[in-house]
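Just so you know, the working numbering puts the end of the sequence shown at 1042, numbered straight through with nothing missing. For every residue, glycine included, the Cβ atom is placed at its ideal position computed from N, Cα and C. None of these values were measured; they are calculated from a predicted model. Working notes for the structure below.
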Amino acid sequence: MNGDGLDDLIVGAAAAAPHGTFSGRAYVVFGSPSSL
């Protein structure tokens, strides 16, 4: 995702945001050399 060569994780959470029926959230977790 950020081009550093390490694995990253993107998680989508439908209906996680309180801003209406068609809203949600996306979470990005950047990997590190020791763990994700």
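Coil, strand or helix - residue i by DSSP
i	result
Ala1021	coil
Leu1012	coil
Gly1026	coil
Straight-line Cα distance separating residue j from residue i
i	j	result
Arg1031	Asn1008	19 Å
Ala1021	Ser1029	6 Å
His968	Ile1016	As displayed, the chain neither begins before 1007 nor continues past 1042, which places residue 968 out of reach and without an answer.
Residue i versus the options, residue with shortest Cα-Cα distance
i	options	result
Ala1019	Ser1038, Val1034 and Ser1040	Val1034
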